[in-house]
Amino acid sequence: MIAMVALAAIACSRRTTPASSSDRRTDDIVIVYDNDVHCSVDGYAKIAALKAEKQALTPYVTLISAGDFVQGGSLGAASKGGWIVTIMNAAGYDYVTLGNHEFDYAMPRLKELTSDLSATVLCCNLIDLTAGKRMYKAWEIVDYGGTKVAFIGAATPYSFNSSTPAFFQNEAGEYIYSLCAETYYDMFQNYVNDARNQGADYVVAITHLGDDVDIDPINSQELARQTSGIDVILDGHSHNLVPERKLTAKDGKTVLYTQTGAHFDNMGVLTISPKGKLTLQMIPTAEYTKEDARVRFVTDSLKQVYAAMGARKIGSSEVTLPAKDADGDWLVRNGETALGDFCADAFREELGTDIAEARSARTCPPGKSTTTTSSMSSRSAASAASPR
Ligand SMILES: [Zn+2]
Numbered sequence: 124m125i126a127m128v129a130l131a132a133i134a135c136s137r138r139t140t141p142a143s144s145s146d147r148r149t150d151d152i153v154i155v156y157d158n159d160v161h162c163s164v165d166g167y168a169k170i171a172a173l174k175a176e177k178q179a180l181t182p183y184v185t186l187i188s189a190g191d192f193v194q195g196g197s198l199g200a201a202s203k204g205g206w207i208v209t210i211m212n213a214a215g216y217d218y219v220t221l222g223n224h225e226f227d228y229a230m231p232r233l234k235e236l237t238s239d240l241s242a243t244v245l246c247c248n249l250i251d252l253t254a255g256k257r258m259y260k261a262w263e264i265v266d267y268g269g270t271k272v273a274f275i276g277a278a279t280p281y282s283f284n285s286s287t288p289a290f291f292q293n294e295a296g297e298y299i300y301s302l303c304a305e306t307y308y309d310m311f312q313n314y315v316n317d318a319r320n321q322g323a324d325y326v327v328a329i330t331h332l333g334d335d336v337d338i339d340p341i342n343s344q345e346l347a348r349q350t351s352g353i354d355v356i357l358d359g360h361s362h363n364l365v366p367e368r369k370l371t372a373k374d375g376k377t378v379l380y381t382q383t384g385a386h387f388d389n390m391g392v393l394t395i396s397p398k399g400k401l402t403l404q405m406i407p408t409a410e411y412t413k414e415d416a417r418v419r420f421v422t423d424s425l426k427q428v429y430a431a432m433g434a435r436k437i438g439s440s441e442v443t444l445p446a447k448d449a450d451g452d453w454l455v456r457n458g459e460t461a462l463g464d465f466c467a468d469a470f471r472e473e474l475g476t477d478i479a480e481a482r483s484a485r486t487c488p489p490g491k492s493t494t495t496t497s498s499m500s501s502r503s504a505a506s507a508a509s510p511r
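Heads up, the sequence shown stops at 511 in our numbering, and the numbers go up one at a time, no gaps.
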């Protein structure tokens with residue numbers, strides 16, 4: 124285990140190669156971003172249209188997701204994330220980092236999904252301890268007409284616990300992956316330094332850390348405070364809407380922080396003007412009416428496939444099994460519910476145990492059928508009722 128930790132330390136400080144520079148630019152750099160979409164797939168046609176709209180104005184456009192895209196809805200659960208990847212590829216994502224829920228279909232499936240993904244996965248802190256190396260690129264520099272922007276991706280170190288710890292362990296129960304929790308901020312600083320040394324004019328952190336300091340001790344606010352050299356943090360995980368927040372780095376400089384909320388409530392736009400002015404804009408997705416026809420077609424086609432699957436009746440309930448109360452507030456995860464009892468009974472009967480526990484599940488109105496049997500038998504799918 125000590126050897127594994129040593130390997131992790133080596134891998135966490137590994138370096139990558141620089142990009143080349145070119146002429147001075149005269150157009151804006153526009154970075155369109157989202158986080159925690161959680162299978163709210165209807166937004167993808169809109170964010171693709173937003174990317175195209177910006178591309179008509181400047182050649183320097185990049186589309187980014189800060190994680191939690193393959194889980195949280197029926198299309199993700201039914202395809203183990205595959206359909207979401209198909210839609211994101213159609214939408215033209217350039218970079219993503221991994222949210223804690225990207226791990227919910229276990230590591231072999233994560234590898235398949237990320238290999239199918241057209242976007243480059245950036246995740247500086249996920250180490251395969253057996254292989255002794257990072258699983259994904261830590262960072263990459265994009266040269267926008269002479270202005271170099273480094274993107275550094277990072278996942279929350281709590282992903283192992285918020286997913287299923289056994290996914291990351293060997294048969295002896297030892298962790299065979301690391302998320303570098305012990306060295307997190309120093310590790311991140313090393314990558315910022317690397318990027319700056321390779322000529323980065325700006326450093327954009329793409330993180331799935333969250334800004335809830337009371338919930339996650341390693342969080343994006345601390346990342347800003349304990350490092351120097353990050354210009355912008357595009358964050359996810361806590362599902363908070365933050366159009367713009369100014370944080371202070373270790374060296375006293377300002378770090379811009381933003382998060383789009385969740386479920387495609389908003390789309391974010393970071394602009395770096397030719398003179399170097401950084402601005403953040405939050406666009407409510409419902410108010411944005413343009414859609415990319417091709418992405419809409421791909422999305423609707425997959426929804427039709429799912430609708431055929433969902434039409435199969437697998438059972439019914441004579442009583443209502445609500446996930447939310449009359450005011451729309453979550454009942455699940457906040458106390459005992461009929462739905463939770465039903466799921467726990469199903470676990471108990473299926474597994475033949477004396478005691479069973481259900482953390483949360485999806486609603487199933489009386490008399491209506493559902494194919495989401497997985498939501499009653501796996502933690503990852505069950506958490507879809509209130510993903511975070
Ligand atoms: Zn989330």
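Here a beta-carbon is modelled for each residue, glycine too, at the ideal position from N, C-alpha and C.
Original post:
Who are the Cβ neighbours of E367 in its own chain at under 7 Å, not counting the five residues just before and after it?
Top reply: L379, T381 and L403
Subject >> Sheet register partners of M390 (DSSP bridge) >> reply: Beta-bridge analysis with DSSP links M390 to I406.
Original post:
Where does Y380 fall in DSSP's three states?
Top reply: strand
**OP:** Spatial neighbours of A347 within its chain, please: CB distance less than 8 Å, with the 5 preceding and 5 following residues excluded, ordered by chain position.
**Re:** Result list for A347: I353, I356, L370, T371, A372, V378 and Y380, in chain order.
Original post:
Going by alpha carbons, who is nearest to E459 out of F470, P445 and G451?
Top reply: The shortest Cα separation from E459 among F470, P445 and G451 belongs to P445.
**OP:** Run the CB neighbour count on F387, radius 10 Å, all protein chains shown included, and call it buried at 16 or more, exposed below.
**Re:** buried
Original post:
Based on the DSSP output, what are the partners of H331 in its beta bridges?
Top reply: In the DSSP output, where bridge partners are listed per residue, H331 has A278.
Original post:
In terms of residues, what are the limits of the alpha helix (DSSP H) holding S308?
Top reply: Position check: residue 308 holds Tyr in this sequence, whereas Ser was assumed. Start and end: Y307 to N320.
**OP:** Report back the beta-carbon spacing between A481 and F470 to the nearest angstrom; my notes put them in contact at under 8 Å.
**Re:** 6 Å
Original post:
Which runs of the beta strand (DSSP E), 3 residues or longer, sit entirely within the segment 150-235?
Top reply: Runs of the beta strand (DSSP E) inside the segment 150-235: 152-157 and 183-188.
Original post:
When we look at the beta-carbon of K234 and count the other beta-carbons within 10 Å, is it buried (16 or more) or exposed?
Top reply: exposed
Original post:
Is R456 helix, strand or coil by DSSP?
Top reply: coil
Subject >> Residues that V442 bridges to, as DSSP identifies them >> reply: None, per the DSSP bridge assignment.
Original post:
Among G322, H360, E473 and R435, which residue has its Cα nearest to the Cα of D335?
Top reply: Residue H360 is the option with its Cα nearest to D335.
**OP:** Compare the beta carbon distance of L221 and Y259 with 9 Å and say whether it is the shorter of the two.
**Re:** yes
**OP:** Can you give me the start and stop residues for the beta strand (DSSP E) that L346 sits inside?
**Re:** Per DSSP, L346 belongs to no beta strand (DSSP E); it is in the alpha helix (DSSP H), S343 to R348.
Original post:
Under 9 Å, do A278 and L302 count as touching if we go by C-beta distance?
Top reply: yes
Original post:
With distances taken between CB atoms, is the gap from Y156 to G391 smaller than 9 Å?
Top reply: Contact: yes.
**OP:** Indicate whether K256 and V265 have their beta-carbon atoms separated by less than 9 Å.
**Re:** no
Original post:
Can you give the Cα-Cα distance for K376 and S351, rounded to whole angstroms?
Top reply: 8 Å
Original post:
Is the beta carbon of Y429 less than 9 Å from the beta carbon of W206?
Top reply: yes
**OP:** Indicate, with yes or no, if ligand 1 has a heavy atom lying under 8 Å from the CB of G391.
**Re:** no
**OP:** Measuring alpha carbon to alpha carbon, tell me which of N223, A318 and T181 ends up nearest Q194.
**Re:** N223
Subject >> Where L462 sits in the DSSP three-state scheme >> reply: helix
Subject >> Sequence-distant residues of its chain with Cβ nearer than 7 Å to T408 (five each side left out) >> reply: G166, K169, F387, D388, N389 and M390
Original post:
Alpha carbon to alpha carbon, what distance is there between D423 and T486?
Top reply: Here the model assigns T486 a pLDDT of 39, short of 50, so the residue's position is not dependable, and the following value carries that caveat. Answer to the nearest angstrom: the Cα atoms are 23 Å apart.
Subject >> Proximity test, N313 beta-carbon vs ligand 1 heavy atom, cut-off 8 Å >> reply: For N313, the Cβ stays outside the 8 Å cut-off from all heavy atoms of ligand 1.
Original post:
Looking at I275 and W262, is the spacing between their C-beta atoms short of 9 Å?
Top reply: yes
Original post:
Excluding the five sequence neighbours on either side, which residues of its own chain have a C-beta within less than 7 Å of the C-beta of A172, listed in chain order?
Top reply: Residues K413, E414 and D415 of the same chain have their beta carbon placed closer than 7 Å to that of A172, with the five preceding and five following residues left out of the count.
**OP:** Could you spell out the range, first to last residue, of the alpha helix (DSSP H) harbouring L425?
**Re:** A416 to G433
Subject >> Whole-Å CB distance - V160 paired with S188, under 8 Å assumed >> reply: 7 Å between Cβ atoms; contact.
**OP:** Could you tell me the distance, in whole angstroms, from the CA atom of I406 to the CA atom of L186?
**Re:** 14 Å
Original post:
With a CB to CB cut of under 7 Å and the five nearest residues on each side skipped, what residues in its chain are close to H362?
Top reply: Cβ within range, chain order: D159, G384, A385 and R511.
**OP:** Answer yes or no: the CB of N223 versus the heavy atoms of ligand 1, is any distance below 8 Å?
**Re:** yes
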